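Let me begin by presenting the structure, written as structure tokens, before commenting on it.
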Amino acid sequence: MPTTATQVTPLAAKVLVIGHRGASALRPEHTLASYAVAIEDGADFVEPDLVSTKDGVLVVRHENEIGGTTDVAAHPEFAGRRTTKTVDGVTITGWFTEDFTLAELKTLRARERLADIRKANTAFDGQFSVPTFDEMIEFVAAEASARQRVIGIIPEIKHSTYFRGLGLPMEDKVLATLDAHAYTRVAPVEIQSFEVGNLKYLRGKLGKGHPHVRLLQLMDDAAEHPADEPSSTYGTMMTPSGLKAIAAYADAIGPSTRSIIPLGKDGRLASATPLVRDAHAAGLEVHPYTFRPENHFLAGDFRNGAGDAARNEAGSVAEIRAYLATGIDAFFTDDPALGRKALDGR
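FYI, the numbering for the sequence shown is 538 to 883, going by this note's numbering.
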């Protein structure tokens, strides 16, 4: 267990549970069904990852490569679209959203990405379409109205520089989409990115006219770098001076959980790093990703003997509580019901 002996006070007035791609431990990710379960289970925010179609429509997928999250491989009419591309320095073979019109994408159906671990979710394969950002907003708005509670939306702009290079920039489209819906003109929104330049651009565009829209600087492993800043590293961005620079354009950081409490050589939680403390000192909230309820993803402290792919609800709740003790202000979870239990049952 981490050496943090006492509960550290968060910077935020209320710690938030964020449904990571909805309730992706229980339904195929980024489907309206996944968002429905997340909302039912008490998520404060739900997350759509955004990519672009060939005709410039924002759709909700974890990546622009859709071979792993749709049934595109089973469509012979699209066999010729399979190709190899380099996205943010990584070579990938598959099918890509930017090679499909929205009408073509709508002929596909979602499937479970982690089929070996989340076998129960494969029962829903083929049932759900790929939603647009507009459709996702309208769905959340309807759920918020029916439940008479505010549900935030935390969209991530994926591969910003890559899409801009294709002539499909997304930032202004994201803002236009938010402005086009009555719900997102007032409801809390937090725009995320692993890149830096687009968040700075958005800060300039938002000005003071969108007080309900905040910005979240996502962070990968310390040795990695933002796609648009190859001379920098996330490790440098996590230092006190780096965090101070981020605070000039963002409201929060989104590091991995292990950047806050890393794993030791034994696979168990080691001592907490100073990241939360340093971020708070810079005026930044900390919204780490991602808590998942299967043994496969848990620190050794919290695993049980039920098998690598088994759900371990008690272990997930205990792990989340260990991180809550560091003073985090929000957290992404694939199972918002367990996140809610961990937070409300302390």
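For glycine and all other residues, C-beta sits at the position ideal for the given N, C-alpha and C. Keep in mind that this is a model prediction, so the values were computed, not measured.
Would the beta-carbon of residue i fall within 8 Å of that of residue j?
i              : j                 : result
arginine 646   : glycine 663       : yes
isoleucine 780 : leucine 821       : According to the sequence shown, residue 780 is leucine rather than isoleucine. Taking 8 Å as the Cβ cut-off, leucine 780 and leucine 821 qualify as a contacting pair.
alanine 836    : leucine 800       : yes
threonine 606  : arginine 598      : yes
glutamate 766  : isoleucine 654    : no
leucine 712    : lysine 742        : yes
threonine 863  : alanine 807       : no
histidine 824  : alanine 867       : yes
threonine 590  : threonine 546     : no
threonine 770  : alanine 760       : yes
threonine 721  : isoleucine 674    : yes
glutamate 732  : threonine 698     : yes
alanine 816    : isoleucine 798    : no
histidine 567  : aspartate 586     : yes
arginine 740   : phenylalanine 661 : no
aspartate 838  : arginine 805      : yes
Between residue i and residue j, which are expected to be in contact by the criterion C-beta below 8 Å, what is the C-beta distance as a whole number of angstroms?
i             : j              : result
leucine 753   : isoleucine 783 : That pair is no contact at about 10 Å.
glutamate 602 : glycine 631    : 4 Å
alanine 575   : glycine 556    : 3 Å
aspartate 581 : leucine 553    : 4 Å
leucine 736   : valine 726     : With a Cβ gap of about 14 Å, leucine 736 and valine 726 do not count as contacting.
threonine 634 : valine 583     : About 20 Å separates the two Cβ atoms, so there is no contact after all.
glutamate 693 : serine 730     : 7 Å
Give me the DSSP bridge partner(s) of residue i.
i                 : result
glutamine 754     : Ser730 and Ile790
phenylalanine 582 : Ile555 and Gly689
alanine 647       : Thr607
leucine 901       : Any question about residue 901 goes unanswered here, given that the chain covers just 538 to 883.
leucine 595       : Ser589
phenylalanine 615 : BP columns for phenylalanine 615 are empty, so no partner.
phenylalanine 828 : Thr870
valine 823        : Ile790
How is residue i classed by DSSP in three states: helix, strand or coil?
i                 : result
phenylalanine 700 : helix
glycine 631       : strand
phenylalanine 637 : coil
serine 666        : coil
lysine 745        : coil
threonine 540     : Annotation note: pLDDT 44 at threonine 540 (below 50); position unreliable, coordinate value reported separately. Three-state result, threonine 540: coil.
valine 545        : coil
serine 571        : helix
isoleucine 783    : helix
isoleucine 576    : helix
lysine 695        : coil
valine 677        : helix
threonine 623     : strand
glutamate 766     : coil
glutamate 708     : helix
valine 813        : helix
- Going along the chain, which unbroken runs of the beta strand (DSSP E) with 3 or more residues stay wholly within the segment 835 to 872? Runs of the beta strand (DSSP E) inside the segment 835 to 872: 867 to 870.
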